[in-house]
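**Student:**
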Amino acid sequence: MMETRFLQTLLCLTYLLLGISAFTPLSDETLQNLPSAGTDFDIHDGAILAPILIPRVAGTPGSKLVQQHFVDWFQLHLPKWTIEFQNSTSKTPATGDKQIPFVNIIITRDPPWTKPGDVGRLALVAHYDSKMEDTHQTPPGFIGATDSAAPCAIIMHAARSVDEALTKKWTAMEAEGLNGLEEEKGVQILLLDGEEAMVEWTDTDSLYGARYGCIQDRFGRCLLTLLDHWPSPGSRLPMLRCPRTTMPSVPSPSSFFWIFSVHQTQTYRRSSKPPIGHTNISPSLNPDYEH
Amino acid sequence: MDTFLNAWGVQDDHIPFMARGVEVLHIIPTPFPSVWHTGDDDGEHLDIPTVHDWAKIVTAFVAEWMDLEGTLPPKAEAEAQIRAKRSVPLRKTEL
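Taken in order, these protein sequences are the chains called P and W.
First residue of the first sequence: 1, per the working numbering; consecutive thereafter.
First residue of the second sequence: 1001, per the working numbering; consecutive thereafter.
1. Mapping the DSSP letters down to three states, classify Glu1023 (chain W) as helix, strand or coil.
2. Return the CA-CA distance between Pro238 (chain P) and Phe1032 (chain W), expressed in angstroms with no decimal places.
3. So, for Arg109 (chain P): in the same chain, excluding its five sequence neighbours on each side, which residues have a beta-carbon less than 7 angstroms away from its beta-carbon?
4. Bridge partners for Val57 (chain P) per DSSP, in chain order?
5. For Ala37 (chain P), which residues in the same chain have their Cβ closer than 7 angstroms to its Cβ, ignoring the five residues on either side in sequence?
6. Mind reading off the beta-carbon distance from Thr138 (chain P) to Thr1030 (chain W)? Whole number of angstroms is fine, and I expect it under 8 angstroms.
7. Count the other CB atoms, across all protein chains shown, that sit within 10 Å of the CB of Asp45 (chain P); report buried if there are 16 or more and exposed otherwise.
8. In chain order, what residues of the same chain have a beta carbon less than 6 angstroms from the beta carbon of Arg1086 (chain W), not counting five sequence neighbours either side?
9. For Ile1027 (chain W), which option in W:Arg1020, W:Ser1034 and W:Asp1013 has the closest C-alpha, if you only look at C-alpha atoms?
10. For the beta strand (DSSP E) holding Asn87 (chain P), just list the boundary residues, first then last.
11. Just how far apart, CA to CA, sit Met173 (chain P) and Gly144 (chain P)?
12. State yes or no: is the C-beta of Ala150 (chain P) within less than 8 angstroms of the C-beta of Val1051 (chain W)?
13. How is Val250 (chain P) classed by DSSP in three states: helix, strand or coil?
14. Is there at least one Cβ from chain W nearer than 8 angstroms to Asp45 (chain P)'s Cβ?
15. Quick one: which chain W residues come within Cβ less than 9 angstroms of Gly38 (chain P)?
16. Quick check: does the Cβ of Ser161 (chain P) come within less than 7 angstroms of any heavy atom belonging to the ligand ATP?
17. Who does Arg109 (chain P) pair with in a DSSP beta bridge?
18. In three-state DSSP terms, what is Phe23 (chain P)?
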């Protein structure tokens, strides 16, 4: 009996020291109350999805139009989120010596009392570039609706759907008085450029934006939720992949809730790393754009 | 297809992050959709009800991860806010 109590105390202390806190699962009522995107996902005139459904190969005018759509939409709907551009350039096998611009768009909302570098973030990630035409299967005018226009739209709707609740939660936390022990976590959306190969997939002809993002960014501990290639006919249950460290065994790769439960006791550690270094922090200061 | 598979699964944007120790939940169908990289991967070939389902699943995932139980607005209120914003004309900003 004594031993059990001792063990319990030890466990509690360990959890406290590690900063592990429990999540409250969403109730059935809350799940049923989640708002629908409604007509915003209309493919012809939906405010979120339709503007993304154009060819948007990195470095082309279509890419700039879609970037503009993201900026306009987030500024209108989610003014509390910061929008940053992470610019890089690279030569590609399709474009010879020309430097092609790749523009990652990073949209962030952190608790108002936190400083960058002192906050863990849940990152929601999709690439917004579409594949360039090629000689075997991709025609000119390729759209890439599943790859990955729809995932970008899904992330935008998710961000909008939790925005007010984040305000409410953080305002309440501040009103109750912060004691420095709060789990400080924000949400970050990464809309990455240059995922697609320009000619043929190799280590250097692919993932242009993500590779640059990794050089620049130090994410500390965060979970990256990456959506790609869906939803499309015949792919109702996508495969979920997790890093080896959080996947000691895989009872059911298609169960979301198993993934949830794995992460319910994950620790967020405050990162002592420096804030993310971006080349530009204001949409209006982006030098890659002709005004 | 083999060129897209390696020890870490499907090659995608998560690879450079995972290599740096970031925990990743990668959501992708395998095999890839039949429309993959073809002219049929367009709006007309999206399964829109599934897009809506996934939007809710991802919203729920974010809400639970951010511990938002008890702070999310009632559905009617949330959807009214969406409709109200939809009627505001988009401000065009210059990049």
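Think of the CB as a built atom: it goes at the ideal place given N, C-alpha and C, for glycine as much as any other residue.
**Tutor:** On the basis of the coordinates in this document:
1. strand
2. Caution applies to Pro238 (chain P), whose pLDDT of 30 falls short of 50 and renders its modelled position unreliable; the value that the coordinates give is listed next. Roughly 9 angstroms between the two C-alpha positions.
3. Lys80, Trp81, Leu166, Gly186 and Val187
4. Bridge partners of Val57 (chain P): none, in fact.
5. Ile48 and His157
6. 20 angstroms between Cβ atoms; not a contact.
7. exposed
8. none
9. W:Asp1013
10. Thr82 to Ser90
11. 42 angstroms
12. yes
13. Unreliable positioning characterises Val250 (chain P) in this predicted model, as indicated by a pLDDT of 25, which lies under 50. The coordinate reading is nonetheless provided below. Looking at Val250 (chain P) - three-state DSSP - the assignment turns out to be coil, as it is neither helix nor strand.
14. no
15. His1052, Glu1079, Ile1082, Arg1083 and Arg1086
16. Summarising the ligand content, the structure contains no ligands, and the ligand ATP is consequently not present.
17. P:Val187
18. coil
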